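Trainee: This structure is in structure tokens; I'll ask about it shortly.
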Amino acid sequence: MNAITWWNSLYIDAAVARLEAGGLGISREIKARLSPLLFEHINFHGSYPFHRPQLEEGRLRDLRDPNAVEDEPEE
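Read left to right, the sequence shown gives residues 865 to 939 (the working numbering).
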């Protein structure tokens, strides 16, 4: 769970930075309520499939476009 919390924290920070760079101001009140634990993909009682993309050392994968149509997950 620590690894997932850390990973979510990295991407929340990246998403906030992208929004702010695009001119959207994020208030301190909103930032104070962001949590890496409040996401439906965290499963406290199961296993997690990890698909690691090939990236340059130290680089995060690109944030997804919230307007893009998502593919159905493979089972």
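Backbone N, C-alpha and C define an ideal beta-carbon position, used for all residues, glycine too.
This structure is a prediction, so every number in the text was calculated from the model and none was measured.
1. What residue range is occupied by the uninterrupted alpha helix (DSSP H) comprising Arg925?
2. At the level of alpha carbons, what is the spacing between Arg923 and Pro930?
3. Indicate the three-state DSSP secondary structure (helix, strand or coil) for Ser899 in the structure shown.
4. Ala932 by DSSP, collapsed to three states: which one?
5. When DSSP labels each residue in this structure, what does Arg916 get in the three-state scheme?
Mentor: Per the coordinate set shown:
1. Residue numbering aside, residue 925 sits at position 61 when the sequence shown is read from its first letter. It is not in any alpha helix (DSSP H) - Arg925 carries neither H nor E in the DSSP assignment.
2. Indexing the sequence shown from 1 puts residue 923 at position 59. Indexing the sequence shown from 1 puts residue 930 at position 66. Near 21 Å, if we compare the C-alpha coordinates of Pro930 and Arg923.
3. Here residue 899 refers to the residue found at position 35 when the sequence shown is read from its first residue. In the structure shown, Ser899 sits in coil (DSSP, three-state: anything other than H, G, I, E or B).
4. If you number the sequence shown from 1, residue 932 lands on position 68. Three-state result, Ala932: coil.
5. On the sequence shown, residue 916 is found 52 positions in, with the first residue counted as 1. Coil at Arg916, not helix or strand.
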